[in-house]
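Asker: Just dropping this structure here.
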Amino acid sequence: MFKPSVLGVYAYMKRIFPSKKTRIIYSGDKVRRYSVFKNYDLIEFVPDMTDHLGNADLLIMLDGSQYSRFTQKPEVLREFKGKTVCIDHHSSPIDKFTLTLVDPTSPSNAEIIYRCFFRDSIEQKEIEIILLGILGDTGVFGYLKPNQLGTFDTAKRLLKQGGIEIQEFLSRYSTIQEKAFEIVRELIKNTKNTKVDGWPPHTFTFITREWFETGKYTDAETSEATHLYMTTFLRTLEGHGWGFVVSPETDGTCGISLRSLPGSVNVRDMMEKMQLGGGHDRAAGGTFKPSNPGERVKVEDCIAKVVKWMEKNQAILS
Numbered sequence: 041m042f043k044p045s046v047l048g049v050y051a052y053m054k055r056i057f058p059s060k061k062t063r064i065i066y067s068g069d070k071v072r073r074y075s076v077f078k079n080y081d082l083i084e085f086v087p088d089m090t091d092h093l094g095n096a097d098l099l100i101m102l103d104g105s106q107y108s109r110f111t112q113k114p115e116v117l118r119e120f121k122g123k124t125v126c127i128d129h130h131s132s133p134i135d136k137f138t139l140t141l142v143d144p145t146s147p148s149n150a151e152i153i154y155r156c157f158f159r160d161s162i163e164q165k166e167i168e169i170i171l172l173g174i175l176g177d178t179g180v181f182g183y184l185k186p187n188q189l190g191t192f193d194t195a196k197r198l199l200k201q202g203g204i205e206i207q208e209f210l211s212r213y214s215t216i217q218e219k220a221f222e223i224v225r226e227l228i229k230n231t232k233n234t235k236v237d238g239w240p241p242h243t244f245t246f247i248t249r250e251w252f253e254t255g256k257y258t259d260a261e262t263s264e265a266t267h268l269y270m271t272t273f274l275r276t277l278e279g280h281g282w283g284f285v286v287s288p289e290t291d292g293t294c295g296i297s298l299r300s301l302p303g304s305v306n307v308r309d310m311m312e313k314m315q316l317g318g319g320h321d322r323a324a325g326g327t328f329k330p331s332n333p334g335e336r337v338k339v340e341d342c343i344a345k346v347v348k349w350m351e352k353n354q355a356i357l358s
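In structure tokens:
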């Protein structure tokens with residue numbers, strides 16, 4: 041998922057190294073809700089970032105410590121000859137980088153970026169970028185733990201510096217695309233509440249590849265719809281404290297996004313053990329890849345694999 045804090049790092053790099061050629065490359069569709077931000081028009085939205093590295097001698101990877109989070113060809117990044125920097129806040133295993141700053145105790149990557157680059161000097165647009173990242177990662181502070189109260193101090197400082205009212209601020213980025221709302225309706229229609237022996241009851245939903253391709257939906261629309269569905273419905277049904285969404289992607293893969301309440305399933309552990317991805321204990325995701333080049337993964341097969349894995353493994357609660 042695209043994170044606007046990348047624009048903050050870009051602004052910092054241009055300020056410190058104005059003569060250096062700096063690019064922003066993102067594997068995926070355009071996310072137009074952030075188009076109001078300065079330098080948005082410079083972002084290169086491409087099918088796969090590894091095809092556009094050119095003569096780069098430094099890569100800065102944000103909000104992910106595994107190369108597979110950024111490309112379908114992680115081996116290209118592992119063989120990259122230049123320097124690599126990772127700034128992340130996930131607890132997942134870390135690939136090899138030249139420099140690594142990973143702080144799993146931080147509730148948002150944007151806050152790490154703020155502490156590193158903007159504590160002493162920050163402009164209005166950068167304030168908004170960092171604040172939006174913090175609000176997004178923390179669920180508008182809903183995911184904070186007792187040991188993360190310092191985030192309130194950071195937010196207070198940004199709100200005061202920027203003269204920002206949270207409700208008005210968020211309303212600028214909370215509009216829903218019509219096609220994304222169509223996907224939300226389909227996700228609601230396909231919602232199932234079920235239980236696997238040895239696991240807490242859960243909710244899951246999906247959209248089929250046929251429905252996705254017939255409607256000519258984009259990955260960005262699916263991502264927006266999935267996020268809205270999970271925020272609004274997943275984990276809210278009484279007695280069903282965790283769940284997941286499976287959806288097709290245009291490159292032939294399928295994505296899975298999971299959420300859980302405290303005391304329920306550790307979804308990061310689940311994704312790591314299934315070797316699909318990673319994330320946080322309460323919010324994680326992964327990718328089902330085709331067995332052979334050119335194949336398109338079926339959503340139904342992905343759901344069956346999840347259920348089969350659950351039947352053979354024990355739930356880890358946290």
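First residue of the sequence shown? That's 41 in the numbering used here, and the numbers climb one at a time after it.
A virtual CB, placed ideally from N, CA and C, is assigned to each residue, including glycine.
(1) So, with DSSP's three-state summary, where would you put Ile216?
(2) Using 8 angstroms as the cut-off, can you tell me whether the region 336 to 349 makes contact with the region 290 to 310, which would need three or more C-beta pairs spanning the two stretches below that distance?
(3) Quick check on the DSSP output: the beta strand (DSSP E) that includes Pro44 runs from which residue to which?
(4) To test your reading of the DSSP string, which unbroken beta strand (DSSP E) runs of 3 or more residues are found completely within the region 242 to 279?
(5) Hey, how far is the Cα of Arg155 from the Cα of Ile170?
(6) In angstroms with no decimal places, state the Cα-to-Cα distance between His92 and Lys113.
(7) To test your reading of the DSSP string, which unbroken beta strand (DSSP E) runs of 3 or more residues are found completely within the region 168 to 247?
(8) Please check the pair Phe137 and Cys126, which I expect to be a contact at CB under 8 angstroms, by giving their CB distance rounded to whole angstroms.
(9) Just the C-alpha distance for Pro240 and Trp282, rounded to the nearest angstrom, thanks.
(10) Tell whether a beta-carbon distance below 8 angstroms holds between Glu84 and Arg118.
(11) Which runs of the beta strand (DSSP E), 3 residues or longer, sit entirely within the region 101 to 143?
(12) Over the uninterrupted alpha helix (DSSP H) stretch that includes Arg308, give me the two end residues.
(13) Please classify Ala344 as buried or exposed, where buried requires at least 16 neighbouring CB atoms within 10 angstroms.
(14) Whole angstroms is fine: what's the gap from Ser358's alpha carbon to Lys313's?
(15) From the DSSP secondary-structure annotation, give me the bridge partner or partners of Cys5.
(16) Return the bridge partner residues of Tyr74 from the DSSP annotation.
(17) Are the region 184 to 201 and the region 143 to 162 touching, with three or more C-beta to C-beta distances below 8 angstroms?
(18) Going by other Cβ atoms of all chains shown within 10 Å of its Cβ, with 16 needed for buried, is Asp341 buried or exposed?
(19) Quick check on Cys342 - is its C-beta less than 8 angstroms from some C-beta in chain B?
(20) Tell me which residues share the same chain as Gly326 and place their Cβ nearer than 6 angstroms to its Cβ, disregarding the 5 neighbours each side in the sequence.
(21) Output yes or no for whether 8 angstroms exceeds the beta carbon distance between Ser105 and Val142.
(22) With DSSP as the reference, please indicate the residues paired to Leu357 in a beta bridge.
(23) Shortest alpha-carbon distance to Glu205 belongs to which of Lys54, Trp251, Asn95, Ile167?
(24) Out of Glu250, Ile153, Thr215, which has the shortest C-alpha to C-alpha gap to Val71?
(25) From Phe120 to Val86, what distance separates their C-alpha atoms?
(26) Distance check for Ser59 and Val285, CA to CA, integer angstroms please.
(27) Measure the Cβ-Cβ separation of Lys232 and Phe244 and say whether it is below 8 angstroms.
(28) Can you give me the C-alpha to C-alpha distance between Leu99 and Leu277, rounded to a whole angstrom?
(29) When the Cα of Ala260 is compared with those of Lys219, Leu189, His280, Asn332, which residue comes out closest?
(30) Would you kindly work out how many angstroms separate the C-alpha atoms of Val305 and Ser211, rounded to a whole number?
(31) What is the rounded straight-line gap between the Cα of Ala355 and the Cα of Leu175?
(32) Does the Cβ of Met101 lie closer than 7 angstroms to at least one heavy atom of the ligand SAM?
(33) Cα separation between Ser108 and Tyr52?
(34) Spell out the partners DSSP gives Ala323 in its beta bridges.
Answerer: To lay it out plainly:
(1) coil
(2) yes
(3) Run containing Pro44: none; DSSP gives neither H nor E here.
(4) 242 to 246
(5) 10 angstroms
(6) 12 angstroms
(7) 232 to 234, 242 to 246
(8) 4 angstroms
(9) 8 angstroms
(10) no
(11) 123 to 128, 139 to 142
(12) 307 to 313
(13) exposed
(14) 15 angstroms
(15) Shown here, the chain extends from 41 to 358; a query on residue 5 therefore has no answer.
(16) For Tyr74, which the question treats as bridged, DSSP gives no partner whatsoever.
(17) yes
(18) exposed
(19) Among the protein chains of the structure shown there is no chain B, as only one such chain exists.
(20) Ile296, Met311, Leu316, Gly317
(21) yes
(22) Val305
(23) Ile167
(24) Thr215
(25) 19 angstroms
(26) 44 angstroms
(27) yes
(28) 42 angstroms
(29) Lys219
(30) 32 angstroms
(31) 30 angstroms
(32) The ligand SAM is not among the ligands present in this structure, which contains no ligands whatsoever.
(33) 26 angstroms
(34) Arg299
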